[in-house]
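Visitor: Just passing along the structure, written as structure tokens.
There are 2 protein chains.
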Amino acid sequence: MANYIFGNIAGVKEGDTFLNRQELRDAGVHLVLVAGIDGNPNVGASSIVLNGGYVDDYDLGDEIIYTGHGGNDSSTKKQIADQDWDATGNKALIVSEMHGLPVRVTRGFKHKSTFSPKSGYEFGGLYMVTDHFEEKGKDGFVICRYRLEKVSPLEEKQQIAKKSLSSGSDHSKRIPTTILRIVRDTKLSKEVKELYDYSCQICGIQIAVRGVKYAEAAHIKPLGKPHNGKDKPGNIICLCPNHHVMFDKGIFTIKKSDYSLKGIEGKLNLDKSHAVEKENIEYHNEHIFINE
Amino acid sequence: MANYIFGNIAGVKEGDTFLNRQELRDAGVHLVLVAGIDGNPNVGASSIVLNGGYVDDYDLGDEIIYTGHGGNDSSTKKQIADQDWDATGNKALIVSEMHGLPVRVTRGFKHKSTFSPKSGYEFGGLYMVTDHFEEKGKDGFVICRYRLEKVSPLEEKQQIAKKSLSSGSDHSKRIPTTILRIVRDTKLSKEVKELYDYSCQICGIQIAVRGVKYAEAAHIKPLGKPHNGKDKPGNIICLCPNHHVMFDKGIFTIKKSDYSLKGIEGKLNLDKSHAVEKENIEYHNEHIFINE
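Quick mapping for you: the protein sequence lines, in order, are chains A and B. To get this note's numbering, take the position in the first sequence, counting from 1, and add 1. To get this note's numbering, take the position in the second sequence, counting from 1, and add 1.
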């Protein structure tokens, strides 16, 4: 069994180059010679290599949309079948996402991006898997997609700075990130939360400390590329943290016919004045909900 | 009624200086002339001024521990009574924390830190309130404390970068932060989560997408200064996102006698092999739990 290391490999830094996959393996960056994803569903994915395997990938440097494995013809690279969320590497990437594990990213010379090396392979640093969703690829078959976001040097620096504040016994270890997420109120998300008095539209729970209420605005069609959902009340619902995680990760979705749920039991509590757009619900059904 | 602006004021940038509180007010940074906290429990706190008012503040630049208002003698600055979480400015800061609102921070010449100006006032940028807790101050009375963390220039830059990816209709608006928190698995937090099979030790819920389970490791005595809790199984419990928020924000705590809860109904499910340290529970009882 491979002994997987998550995070940086001692002696390897961002921008280091490797002649070929064997060198990359010998350095301990990516332990498999052919597969793009190194890992398994028991431990997660420790590393990926981008090398032009899929026509649907895109790469903005700090943000990568990566396609899972399976279903493509190894010679033409075209999709010839649907991909499967349960395939080893695909599930490993979900584990990395759900358990917050950093993934090493290496770009190969065949990967089409401005960040790729002209020859060989270049180590691109650590990324977090922040999102997974389903699409019909350019070739017409279902593909499993992942958003990876770069762990910024500042973030790493801040973690080191915080470490020095701790009087814990393990000074040599990185301090775990345990800060709760900060979901910023915008004018529109606040309106939606206030409409429901900060109660979850799924379970009704209202979280409050000394009368100050807390709820989260969830976007039905997610914001940002490639989803391009809008920050408008027709695309926002008010959820508790549990149902927000479950909704964003595709554990349940809403039926547009009667607002009952699929994936878990229940029904979305919808105020008459709150016009949720069915187009957004359809998008969530098709792209975010993971049908088991 | 003042029309509160949250975030940066047009024309004012970090490092700008002001001769006195009147100038600071005229610039729109901090609209009250004496109070350190500008805001109220209905909208939150939009701005604070640090100017040596409390002996217990500390300031590391990117991180500030700030003391709430009330209970001090205006001439000697000594605490002469307990502070109250329900006092206007104190509650306003909890609203800023729970609703994710940015707070403008200005340092005055009397504030003891290496970041303070020699004279007058200096605008120090935007911060988020990430934590609140209760302490006995140096003068022996209860004080309300807040952790503020600087919104990094990189974070602001990233939000602008993301905005350009959006095809939403509001290109001029900042895109709201809606990414779910990333709580990194460490070896020890993973051990605790696995012991409970990723089920919440309070409510038993197990969140899973295609069999990949998600839970959060909560530290009973928080990590980092001034708490200095340890990242050890005796200080870690496995919670769902809802109970993690509620526990960290002090909505409930655990009784060390029988592990029943205070603040909400229920009992901590504790495995025999999991030796939670009572000292940590005591700390949470005294400093984090907000007795209503």
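In this text, a Cβ means the ideal position worked out from N, Cα and C, and glycines have one as well. None of the values given here were measured: they were computed from a predicted structure.
Assuming A:K279 is part of the alpha helix (DSSP H), what are its boundary residues?
Guide: What you label residue 279 of chain A is simply residue 278 of the first sequence in a count that begins at 1. 279 to 284 is the extent of the alpha helix (DSSP H) around A:K279.
Visitor: Okay, do the region 55 to 69 of chain B and the region 218 to 231 of chain A touch, 3+ Cβ pairs below 8 Å being the bar?
Guide: Flag = no, the region 55 to 69 of chain B and the region 218 to 231 of chain A do not touch.
Visitor: Kindly list, in the order they appear in chain B, the residues whose Cβ is closer than 9 Å to that of A:I291.
Guide: As a position in the first sequence, residue 291 of chain A is number 290, starting the count at 1. Simply V210, R211.
Visitor: Count the other CB atoms, across all protein chains shown, that sit within 10 Å of the CB of B:F110; report buried if there are 16 or more and exposed otherwise.
Guide: Counted from its first residue, the second sequence places residue 110 of chain B at position 109. Per the 10 Å Cβ criterion, exposed.
Visitor: Please list, in chain order, the chain A residues whose beta carbon lies closer than 7 Å to that of B:N251.
Guide: Numbered from 1 along the second sequence, position 250 holds the residue referred to as residue 251 of chain B. Correcting the residue type first, residue 251 of chain B is Gly in the shown sequence and not Asn. Going along chain A in sequence order, the residues near B:G251 (Cβ under 7 Å) are V210.
Visitor: Just to confirm, is the Cβ distance from B:F142 to B:A82 under 9 Å?
Guide: For the purposes of this step, residue 142 of chain B is identified with residue 141 of the second sequence, where counting begins at 1. For the purposes of this step, residue 82 of chain B is identified with residue 81 of the second sequence, where counting begins at 1. Contact flag set, yes.
Visitor: Between B:H241 and chain A, is any beta-carbon pair separated by less than 9 Å?
Guide: The residue labelled residue 241 of chain B in the question sits at position 240 within the second sequence. Just to set this straight, residue 241 of chain B is Cys in the shown sequence, not His. B:C241 counts as touching chain A.
Visitor: Any residues in the region 129 to 148 of chain A with a beta carbon nearer than 7 Å to a beta carbon of chain B? Which ones, in chain order?
Guide: M129, T131
Visitor: What does DSSP give as the partner residues of B:P103 in its beta bridges?
Guide: If you number the second sequence from 1, residue 103 of chain B lands on position 102. DSSP lists B:M129 as partners of B:P103.
Visitor: Name the chain B residues whose beta carbon is nearer than 7 Å to that of A:I282?
Guide: On the first sequence, position 281 is the one that residue 282 of chain A refers to. Result: empty, since nearest Cβ-Cβ is about 18 Å, beyond 7 Å.
Visitor: Measure the C-alpha to C-alpha separation of A:E150 and A:F134 and round it to an integer number of angstroms.
Guide: Start at 1 with the first residue of the first sequence, and residue 150 of chain A comes out as number 149. Start at 1 with the first residue of the first sequence, and residue 134 of chain A comes out as number 133. If you draw a straight line from the Cα of A:E150 to the Cα of A:F134, it comes to about 15 Å.
Visitor: State yes or no: is the beta carbon of B:I255 nearer than 9 Å to at least one beta carbon in chain A?
Guide: Taking the first residue of the second sequence as position 1, residue 255 of chain B is located at position 254. False, the Cβ-Cβ gap to chain A never drops below 9 Å.
Visitor: Between the region 114 to 124 of chain A and the region 14 to 31 of chain A, do three or more beta carbon pairs fall short of 8 Å?
Guide: yes
Visitor: Can you look up A:F124 in the DSSP assignment and give me helix, strand or coil?
Guide: By one-based count along the first sequence, residue 124 of chain A stands at place 123. It is a strand residue.
Visitor: Rounded to the nearest angstrom, what separates B:H275 and B:G235 at their Cα positions?
Guide: Against the second sequence, residue 275 of chain B aligns to sequence position 274. Against the second sequence, residue 235 of chain B aligns to sequence position 234. Their backbone Cα atoms lie some 7 Å apart in a straight line.
Visitor: With which residues is A:H220 paired in a DSSP beta bridge?
Guide: On the first sequence, residue 220 of chain A is found 219 positions in, with the first residue counted as 1. According to DSSP, which records beta bridges pairwise, A:H220 is partnered with A:I237.
Visitor: Could you have a look at B:Q23 and say whether DSSP puts it in helix, strand or coil?
Guide: Counted from its first residue, the second sequence places residue 23 of chain B at position 22. Residue state, collapsed to three classes: helix.
Visitor: Spell out whether any CB of chain B is found under 9 Å from the CB atom of A:V246.
Guide: Taking the first residue of the first sequence as 1, we reach residue 246 of chain A at position 245. Yes, A:V246 lies at the interface with chain B (some Cβ there is under 9 Å from its Cβ).
Visitor: State yes or no: is the C-beta of B:K268 within less than 9 Å of the C-beta of B:S261?
Guide: Stepping through the second sequence from its first residue, residue 268 of chain B is reached at position 267. Stepping through the second sequence from its first residue, residue 261 of chain B is reached at position 260. Against a cut-off of 9 Å, the Cβ pair of B:S261 and B:K268 comes out as a contact.
Visitor: Whose CA, out of B:N281, B:G264, B:L127, B:G212, lies closest to the CA of B:L224?
Guide: As a position in the second sequence, residue 224 of chain B is number 223, starting the count at 1. With distances taken between Cα atoms, B:L224 lies closest to B:N281.
Visitor: Run down chain A in chain order and give the residues with a C-beta less than 8 Å from the C-beta of B:I206.
Guide: Taking the second sequence and counting its residues from 1, one reaches residue 206 of chain B at position 205. Near B:I206 (Cβ distances below 8 Å), the residues of chain A are N243.
Visitor: Are at least three pairs of beta-carbons, each pair with one atom in the region 239 to 247 of chain B and one in the region 199 to 215 of chain B, less than 8 Å apart?
Guide: With the cut-off at 8 Å, the region 239 to 247 of chain B and the region 199 to 215 of chain B touch.
Visitor: Less than 6 Å between C-beta atoms, sequence neighbours within five positions excluded: which residues of the same chain meet that for B:Q80?
Guide: Start at 1 with the first residue of the second sequence, and residue 80 of chain B comes out as number 79. Apart from sequence neighbours up to five positions away, the residues of its chain that approach B:Q80 with a beta-carbon distance below 6 Å are G72, N73, G138, D140, F142, ordered along the chain.
Visitor: In whole angstroms, give me the CA-to-CA distance for A:G45 and A:Y284.
Guide: Working through the first sequence from its first residue, we reach residue 45 of chain A at position 44. Working through the first sequence from its first residue, we reach residue 284 of chain A at position 283. Between A:G45 and A:Y284, the C-alpha separation is close to 28 Å.
Visitor: How would you list, in chain order, the residues of chain A whose beta-carbon sits under 8 Å from the beta-carbon of B:Y215?
Guide: As a first step, residue 215 of chain B must be located in the second sequence, where it is residue number 214. Those are M99, H100, V246, K250, listed as they occur along chain A.
Visitor: Could you please give me the residues that DSSP links to A:N41 through a beta bridge?
Guide: For this step, residue 41 of chain A is matched to residue 40 along the first sequence. Under DSSP, A:N41 forms a beta bridge with A:G45.
Visitor: If the cut is a Cβ gap below 9 Å, which residues of chain B does A:D87 touch?
Guide: Counting from 1 along the first sequence, the entry for residue 87 of chain A is found at position 86. Per Cβ cutoff of 9 Å: R211, G212.
Visitor: Under a Cβ-count criterion, where at least 16 other Cβ atoms within 10 Å of its own Cβ denotes burial, should A:L189 be classed as buried or exposed?
Guide: Counting from 1 along the first sequence, the entry for residue 189 of chain A is found at position 188. With 16 or more Cβ atoms within 10 Å of its Cβ, A:L189 is classed as buried.
Visitor: With a threshold of 9 Å between beta carbons, is B:I38 in contact with chain A?
Guide: Position 37 of the second sequence, counting from 1, holds the residue named residue 38 of chain B. Cβ-Cβ to chain A under 9 Å: no for B:I38.
Visitor: Given a cut-off of 9 Å, decide if B:V130 and B:N43 are closer than it, judged by their beta-carbon atoms.
Guide: Start at 1 with the first residue of the second sequence, and residue 43 of chain B comes out as number 42. Start at 1 with the first residue of the second sequence, and residue 130 of chain B comes out as number 129. Their beta carbons are not under 9 Å apart, which means B:N43 does not touch B:V130 by this criterion.
Visitor: Just list the residues that DSSP pairs A:Q207 with in beta bridges.
Guide: The count along the first sequence starts at 1 and reaches residue 207 of chain A at position 206. DSSP, once it has assigned bridges, lists A:S200 as partnering A:Q207.
Visitor: Taking the alpha-carbon of B:A93 as reference, which of B:F7, B:S76, B:C204 has the nearest alpha-carbon?
Guide: Stepping through the second sequence from its first residue, residue 93 of chain B is reached at position 92. Looking at the Cα atoms, B:F7 is the closest of the given residues.
Visitor: Starting from the Cα of A:A36, find the closest Cα among A:I66, A:N4, A:A28, A:A88 and give me that residue.
Guide: As a first step, residue 36 of chain A is located in the first sequence; it is residue number 35 there, counting from the start. Looking at the Cα atoms, A:A88 is the closest of the given residues.
Visitor: Output needed for B:D17: all residues of its chain with C-beta closer than 6 Å, excluding positions within five of it in sequence on either side, in chain order.
Guide: Reading the second sequence from its first residue, position 16 is the one you call residue 17 of chain B. Excluding positions up to five away in sequence, the list reads F124.
Visitor: Identify which residue in A:T107, A:F253, A:L271 has its Cα closest to the Cα of A:I38.
Guide: Position 37 of the first sequence, counting from 1, holds the residue named residue 38 of chain A. Cα-wise, what sits closest to A:I38 is A:T107.
Visitor: Against chain B, with Cβ distances strictly below 9 Å, would A:K279 count as a contact?
Guide: Position 278 of the first sequence, counted from the start, is the residue given in the question as residue 279 of chain A. So no, A:K279 is outside the interface.
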